[in-house]
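K.L.:
If you read the protein sequences in the order shown, they are chains U and W. Taking the working numbering, the leading residue of the first sequence gets 8, the next gets one more, and so forth. Taking the working numbering, the leading residue of the second sequence gets 2, the next gets one more, and so forth. Below are the structure tokens for one structure; questions will follow.
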Amino acid sequence: MGDPGTKEVLSLEALQASASLRTGRKHVLSLVVQNRPGVLVRIAGLFARRGFNINTLSVGPTDDDNKSRVTVTVDGATVPIDQVTKQLHKLVNVLKIRDLEPDQTVARELALFKVGVENGPRRAEVLQICNIFRGKIVDITKQSLVIEVTGTPEKIEALEEMLLPFGLIEMMRTGEIAISRGRDET
Amino acid sequence: MRAVDAIMECLKAEGVEVVFGYPGGANLPTYDAFVDAGIRHVLVRHEAGGGHAAEGYAKSTGKVAVCLGTSGPGATNLVTPIMDAMMDSVPVVFITGQVRTDLLGTDGFQEADILGITMPAVKHSWMITDPADIPQAIHEAFHVAGSGRPGPVVVDIPTDLSKADIPYEIGQEVPLDLPGYQPKFEGNAKQIRQAARALAAAKRPVLYVGGGAVAAGAQDEVRELAHVSGFPVTCTLMALGVYPAPDPQWLGMPGMHGTRTANYSMDEADLIFSIGARFDDRITGNLAEFAPNAKFIHLDIDPAEIGKNVPAHIPIVGDAKQVLGKLIPEYESLGAEKARLDDWWEKIHGWQAKYPLTYEDTKDSEIKPQFAIKAIWEASGGDAIVTSDVGQHQMWTAQRYDFKEPRTWINSGGLGTMGFGLPAALGAQVGNPDSLVICVTGDGSIQMNSQEMATATQEGLPVKVVIINNGYLGMVRQWQELFWEKRYSHVDLRDPDNEVPNWMKLADAYGWTGVRLEKKETLVDDLRAAFATPGPVLVDVRVVREENTYPMIAPGAAARDMVG
Ligand SMILES: Cc1ncc(C[n+]2csc(CCOP(=O)(O)OP(=O)(O)O)c2C)c(N)n1
Numbered sequence: 008m009g010d011p012g013t014k015e016v017l018s019l020e021a022l023q024a025s026a027s028l029r030t031g032r033k034h035v036l037s038l039v040v041q042n043r044p045g046v047l048v049r050i051a052g053l054f055a056r057r058g059f060n061i062n063t064l065s066v067g068p069t070d071d072d073n074k075s076r077v078t079v080t081v082d083g084a085t086v087p088i089d090q091v092t093k094q095l096h097k098l099v100n101v102l103k104i105r106d107l108e109p110d111q112t113v114a115r116e117l118a119l120f121k122v123g124v125e126n127g128p129r130r131a132e133v134l135q136i137c138n139i140f141r142g143k144i145v146d147i148t149k150q151s152l153v154i155e156v157t158g159t160p161e162k163i164e165a166l167e168e169m170l171l172p173f174g175l176i177e178m179m180r181t182g183e184i185a186i187s188r189g190r191d192e193t
Numbered sequence: 002m003r004a005v006d007a008i009m010e011c012l013k014a015e016g017v018e019v020v021f022g023y024p025g026g027a028n029l030p031t032y033d034a035f036v037d038a039g040i041r042h043v044l045v046r047h048e049a050g051g052g053h054a055a056e057g058y059a060k061s062t063g064k065v066a067v068c069l070g071t072s073g074p075g076a077t078n079l080v081t082p083i084m085d086a087m088m089d090s091v092p093v094v095f096i097t098g099q100v101r102t103d104l105l106g107t108d109g110f111q112e113a114d115i116l117g118i119t120m121p122a123v124k125h126s127w128m129i130t131d132p133a134d135i136p137q138a139i140h141e142a143f144h145v146a147g148s149g150r151p152g153p154v155v156v157d158i159p160t161d162l163s164k165a166d167i168p169y170e171i172g173q174e175v176p177l178d179l180p181g182y183q184p185k186f187e188g189n190a191k192q193i194r195q196a197a198r199a200l201a202a203a204k205r206p207v208l209y210v211g212g213g214a215v216a217a218g219a220q221d222e223v224r225e226l227a228h229v230s231g232f233p234v235t236c237t238l239m240a241l242g243v244y245p246a247p248d249p250q251w252l253g254m255p256g257m258h259g260t261r262t263a264n265y266s267m268d269e270a271d272l273i274f275s276i277g278a279r280f281d282d283r284i285t286g287n288l289a290e291f292a293p294n295a296k297f298i299h300l301d302i303d304p305a306e307i308g309k310n311v312p313a314h315i316p317i318v319g320d321a322k323q324v325l326g327k328l329i330p331e332y333e334s335l336g337a338e339k340a341r342l343d344d345w346w347e348k349i350h351g352w353q354a355k356y357p358l359t360y361e362d363t364k365d366s367e368i369k370p371q372f373a374i375k376a377i378w379e380a381s382g383g384d385a386i387v388t389s390d391v392g393q394h395q396m397w398t399a400q401r402y403d404f405k406e407p408r409t410w411i412n413s414g415g416l417g418t419m420g421f422g423l424p425a426a427l428g429a430q431v432g433n434p435d436s437l438v439i440c441v442t443g444d445g446s447i448q449m450n451s452q453e454m455a456t457a458t459q460e461g462l463p464v465k466v467v468i469i470n471n472g473y474l475g476m477v478r479q480w481q482e483l484f485w486e487k488r489y490s491h492v493d494l495r496d497p498d499n500e501v502p503n504w505m506k507l508a509d510a511y512g513w514t515g516v517r518l519e520k521k522e523t524l525v526d527d528l529r530a531a532f533a534t535p536g537p538v539l540v541d542v543r544v545v546r547e548e549n550t551y552p553m554i555a556p557g558a559a560a561r562d563m564v565g
């Protein structure tokens, strides 16, 4: 291939198509959207209509009242990530999208676990596990505990596994939020 | 002033000459504003007719069209034209009435969540919550509908808000606030240069032109590129006329009912330059087997089209007219010899000679539908604005009318909406009062919006509707014949005992001239006379009933395996 401005033609055989449609890894998409009625429906509807499966989705305010932050995680093995971001960009209320690089990103989610343990040795064991995971007890009754924990999805899943044998009554997760490392804005 | 009067002023500021619509309770205030506004309003007979008429107006003129409907059923009747406009990228601003704000969400009388219903069918939409926002929403709606990749937008206005008094003065500048909407027009200079080099290297290239070239008004550039490069050209169903047919470099239309030459050329091409086309499944056939030897330059103003269905080796995001304007001199500067295409053209000429578009004509006076299309072409001098409905007649017209200019072929491509043809013709006639506007339709399709015959009469729109009357839902019958062992199921429209409808009486009832034509020998002259008749004319052309549309790529098959 020649330099810009030369008369050289290129060889068609050498032309490569852009990267594969399926990246095969997890993607964390961070969107800044205008705070308008229906904006979440537009985003969720787009995913549903095009058959893009959402793993987690979380929405929250930002430091600007007119904007919200939406964090979506999708599986790049089943979803054409390039199409996802391009289609999202077409939504007029979507201002910015970043497909966060995993190693350039701090991602966390919050989970609440309700465990059915009475006072006694089993409860002590649960408290110990909770400590190891840096969890907090946020509610306690004679029959139950509620544990709050933040961390990566892997950490939360590990805690879930540990708590299951103790009688996990229910669990709730927020889905991930993510922020880029370093000085630049996400 | 009242918000509705501000709407009228905003429409005027946008250069709106005509609005298509239908009134009802929730948009009564808007209709009151029409009384003094001095904007032409075309009263249709069904909101779907209004939506398709707006599409016909927009498609034939390139302007943003406006369509109004009331809340509830009025709005839901607009869903089909909204989706149709979305699929074919037609710029239409739909303004719907909505129930009073205090009734919203209560299942109030004639309440329908039209924003929710149409969310997957619009480029964008606005729900008015503060009447002071109305002028801005209207101007933003026009901007979004008409710029970038055009498309439909909806502005939903609760009736109480539309009556409110708002601070607005005639001629007031209304700033837009669309930070998330920034279409790109220029195209990346490096990519354009790269594309020029690839074109210069190609030995078996095809220019594959789609509706984006029409939207961009890029016909001069497409023709010039074809001229300087000597490349063969094919235009999709949405782009017929961008490159004039017939012409030595014209391959015909590609796709399911395209020419063998166009499909085989794509199949054997080493480079396909897609100019505003989107590789729809009706073009590619089996995607896995589509154009196996080709590299793709994909030019589109919508980045999401690039790489969606086929890989893009050289993607260019931009407006077809602007990008081609820069690409042509780049290409010329490379001094590529046309002689390198000699073998390619020899091959193409071979296909053209071997597989012309033919059919077997009748031995008697009976009219073959293909003959009828050629007769329409001849009787109209080949330069009418032609709208169509959906089915066999649509494909025959696309194959055989030989469109010479863009925006003269108006049809429902992406959605394939029966009932589109007549209202679209009315819209096209409103936008082009001096043109001959012909709607080529089927006896099935015309009945989906035949109520609009009344609109034509009342508005004095002299459209000519030609029914290619085979007494069948022809295209469905064809599929049942070919793919369902000829087990005809509910496709016969003829009642042996009655003529339903009696077409001549129908014409008469609506104040149209009706003509029934059954003889091949006089068909061209009879059509010529019909087209010369003042006022709207319904021409019932009786054709051979079980003719099939060929050639054809069977659904799911590869282009090279065309049949018929
Ligand atoms: C609204 C709508 N309903 C159903 C169809 C499915 N369909 C496609 S072609 C066709 C038959 C059209 O018959 P006619 O208008 O008589 O045209 P012909 O094929 O006979 O030329 C039908 C029912 C459609 N395209 N649109």
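The C-beta atom is built at its ideal place from N, Cα and C for all residues, glycine as well.
So what does DSSP say about U:Arg29, is it helix, strand or coil?
P.N.:
Residue 29 of chain U sits at position 22 when you count from the first residue of the first sequence. Coil at U:Arg29, not helix or strand.
K.L.:
What residues are listed by DSSP as bridge partners for U:Lys74?
P.N.:
Within the first sequence, residue 74 of chain U is the residue found at index 67, counting from 1. U:Lys74 pairs with U:Gln41.
K.L.:
Can you name, in chain order, every residue of its own chain whose Cβ lies under 7 Å from the Cβ of W:Tyr244, other than the five neighbours on each side?
P.N.:
If you number the second sequence from 1, residue 244 of chain W lands on position 243. Val210, Val223, Arg224, Ala227, Val234, Cys236 and Trp251.
K.L.:
Would the C-beta of W:Val501 count as close to ligand 1, meaning under 6 Å from any of its heavy atoms?
P.N.:
Residue numbering aside, residue 501 of chain W sits at position 500 when the second sequence is read from its first letter. The answer is no for W:Val501.
K.L.:
With distances taken from CA atoms, which of U:Gly123, U:Ser75, U:Ser151 and U:Leu117 is nearest U:Arg141?
P.N.:
The residue given as residue 141 of chain U occupies position 134 in the first sequence. The residue among U:Gly123, U:Ser75, U:Ser151 and U:Leu117 with its C-alpha nearest the C-alpha of U:Arg141 is U:Leu117.
K.L.:
If you follow the alpha helix (DSSP H) that W:Gln99 is part of, which residue opens it and which one closes it?
P.N.:
On the second sequence, position 98 is the one that residue 99 of chain W refers to. From DSSP, W:Gln99 is part of no alpha helix (DSSP H) but of the beta strand (DSSP E) over Val93 to Gln99.
K.L.:
Straight-line CA distance for W:Gln183 to W:Pro304?
P.N.:
The residue given as residue 183 of chain W occupies position 182 in the second sequence. The residue given as residue 304 of chain W occupies position 303 in the second sequence. So the alpha carbons of these two residues sit roughly 12 Å apart.
K.L.:
Touching or not, the segment 141-151 of chain W and the segment 108-116 of chain W, by the rule of three or more beta carbon pairs under 8 Å?
P.N.:
No, the segment 141-151 of chain W is not in contact with the segment 108-116 of chain W.
K.L.:
Assign W:Ala190 to buried or exposed, taking buried as 16 or more other Cβ atoms, counted over all protein chains shown, within 10 Å of its Cβ.
P.N.:
Position 189 of the second sequence holds residue 190 of chain W. Exposed, by the Cβ-count rule.
K.L.:
Does ligand 2 have even one heavy atom less than 6 Å from the beta-carbon of W:Ser126?
P.N.:
Looking at this structure, you won't find ligand 2 anywhere; what it does contain is ligand 1.
K.L.:
Is DSSP giving U:Gly158 helix, strand or coil here?
P.N.:
Reading the first sequence from its first residue, position 151 is the one you call residue 158 of chain U. Of the three classes helix, strand and coil, the one that applies to U:Gly158 here is strand, per DSSP.
K.L.:
With three or more C-beta pairs closer than 8 Å as the rule, is the segment 53-72 of chain W touching the segment 10-25 of chain W?
P.N.:
yes
K.L.:
Reducing DSSP to helix, strand and coil, say where W:Glu10 ends up.
P.N.:
For the purposes of this step, residue 10 of chain W is taken as the residue at position 9 of the second sequence. DSSP places W:Glu10 in helix when its eight states are reduced to three.
K.L.:
According to a CB-to-CB cut-off of less than 8 Å, which residues of the segment 87-99 of chain U neighbour chain W?
P.N.:
Asp89, Gln90, Lys93, Gln94, His96, Lys97, Leu98 and Val99
K.L.:
Between W:Leu539 and ligand 1, is the CB less than 6 Å from at least one heavy atom?
P.N.:
Counting from 1 along the second sequence, the entry for residue 539 of chain W is found at position 538. Result no, Cβ not under 6 Å from ligand 1.
K.L.:
Which residues, taken in chain order from the segment 43-56 of chain U, show a beta carbon closer than 9 Å to some beta carbon of chain W?
P.N.:
Arg43, Pro44, Gly45, Val48, Arg49, Gly52, Leu53, Ala55 and Arg56
K.L.:
Give the range of the alpha helix (DSSP H) segment to which U:Thr112 is assigned.
P.N.:
Locating residue 112 of chain U in the first sequence gives position 105, where the first residue counts as 1. Taken as a continuous stretch (DSSP letters only), U:Thr112 belongs to no alpha helix (DSSP H), being part of the beta strand (DSSP E) at Thr112 to Val122.
K.L.:
Using a Cβ cut-off of 8 Å, pull out every chain W residue sitting near U:Val101, in sequence order please.
P.N.:
Translated into the one-based positions of the first sequence, residue 101 of chain U becomes position 94. By Cβ distance, chain W contributes Gly181.
K.L.:
At a cut-off of 6 Å, would you count W:Asp444 as near ligand 1, judging by its Cβ distance to the nearest heavy atom?
P.N.:
On the second sequence, residue 444 of chain W is found 443 positions in, with the first residue counted as 1. Checking every heavy atom of ligand 1 against the Cβ of W:Asp444, one is found closer than 6 Å.
K.L.:
So what's U:Phe173 in DSSP terms, helix, strand or just coil?
P.N.:
On the first sequence, residue 173 of chain U is found 166 positions in, with the first residue counted as 1. Looking at U:Phe173 - three-state DSSP - the assignment turns out to be helix.
K.L.:
If you draw a straight line from the alpha carbon of U:Gly12 to that of W:Asp271, how long is it in whole angstroms?
P.N.:
Translated into the one-based positions of the first sequence, residue 12 of chain U becomes position 5. Translated into the one-based positions of the second sequence, residue 271 of chain W becomes position 270. Low per-residue confidence applies at U:Gly12: pLDDT is 49, beneath 50, and the placement is therefore not dependable, though the value from the model is reported in the following sentence. Taking the straight line from one Cα to the other gives about 24 Å.
K.L.:
Output yes or no for whether 7 Å exceeds the beta carbon distance between W:Lys369 and W:Val545.
P.N.:
Numbered from its first residue, the second sequence carries residue 369 of chain W at position 368. Numbered from its first residue, the second sequence carries residue 545 of chain W at position 544. Contact flag set, yes.
K.L.:
Assign U:Thr85 to one of two classes, buried (16 or more other C-beta atoms within 10 Å of its C-beta) or exposed (fewer than that).
P.N.:
Sequence index remark: in the first sequence, residue 85 of chain U carries index 78 (1-based). Burial call: exposed.
K.L.:
Taking 6 Å as the cut-off, is the C-beta of U:Asn42 nearer than that to any heavy atom in ligand 1?
P.N.:
As a first step, residue 42 of chain U is located in the first sequence; it is residue number 35 there, counting from the start. U:Asn42: no, Cβ never under 6 Å from ligand 1.
K.L.:
Here's the rule: buried if 16 or more other CB atoms are within 10 angstroms of the residue's CB, otherwise exposed. What is W:Pro316?
P.N.:
As a position in the second sequence, residue 316 of chain W is number 315, starting the count at 1. Buried, because 16 or more other Cβ atoms sit within 10 Å of the Cβ of W:Pro316.
K.L.:
So is W:Asp562 buried or exposed if we call it buried at 16+ other beta carbons inside 10 Å?
P.N.:
For the purposes of this step, residue 562 of chain W is identified with residue 561 of the second sequence, where counting begins at 1. Exposed.
K.L.:
Put W:Tyr473 into one of helix, strand or coil per three-state DSSP.
P.N.:
As a working note, residue 473 of chain W is residue 472 in the second sequence. W:Tyr473: strand per DSSP, three-state reduction.
K.L.:
Specify the secondary structure class of W:Ile307 as computed by DSSP and reduced to three states.
P.N.:
To locate residue 307 of chain W, count along the second sequence from 1; it is residue 306. It is coil, neither helix nor strand.
K.L.:
Candidates U:Pro172, U:Leu166 and U:His96: which alpha carbon is nearest W:Gly181's?
P.N.:
Stepping through the second sequence from its first residue, residue 181 of chain W is reached at position 180. Of U:Pro172, U:Leu166 and U:His96, the residue nearest in Cα terms is U:His96.
K.L.:
Short of 7 Å in beta carbon distance, which residues of its chain neighbour W:Cys11, apart from the five on each side in sequence? Order them along the chain.
P.N.:
Along the second sequence, read from residue 1 onward, the residue named residue 11 of chain W stands at position 10. Once the five neighbours on either side are set aside, the close Cβ partners of W:Cys11 are Pro136, Ile139 and His140.
K.L.:
Specify the secondary structure class of W:Val1 as computed by DSSP and reduced to three states.
P.N.:
What the structure shows of chain W is the stretch from 2 to 565, and residue 1 of chain W is not part of that stretch, so it cannot be assessed.
K.L.:
Quick check: the Cα distance between W:Tyr551 and W:Ala34, rounded to an integer number of angstroms?
P.N.:
Counting from one through the second sequence, the residue named residue 551 of chain W turns up at place 550. Counting from one through the second sequence, the residue named residue 34 of chain W turns up at place 33. Each residue's Cα considered, the two are about 52 Å apart.
K.L.:
What is the rounded straight-line gap between the Cα of U:Glu155 and the Cα of U:Arg180?
P.N.:
Walking along the first sequence from the start, residue 155 of chain U turns up at place 148. Walking along the first sequence from the start, residue 180 of chain U turns up at place 173. Going from the Cα of U:Glu155 to the Cα of U:Arg180 covers about 10 Å.
K.L.:
To which residues does DSSP link W:Gly286 through a beta bridge?
P.N.:
On the second sequence, position 285 is the one that residue 286 of chain W refers to. DSSP, once it has assigned bridges, lists no residue as partnering W:Gly286.
K.L.:
Taking the straight line between their C-alpha atoms, what separation do you get for U:Ala21 and W:Ala59?
P.N.:
The count along the first sequence starts at 1 and reaches residue 21 of chain U at position 14. The count along the second sequence starts at 1 and reaches residue 59 of chain W at position 58. About 42 Å.
K.L.:
Where does W:His314 sit, in a helix, a strand or coil, going by DSSP?
P.N.:
What you label residue 314 of chain W is simply residue 313 of the second sequence in a count that begins at 1. Coil at W:His314, not helix or strand.
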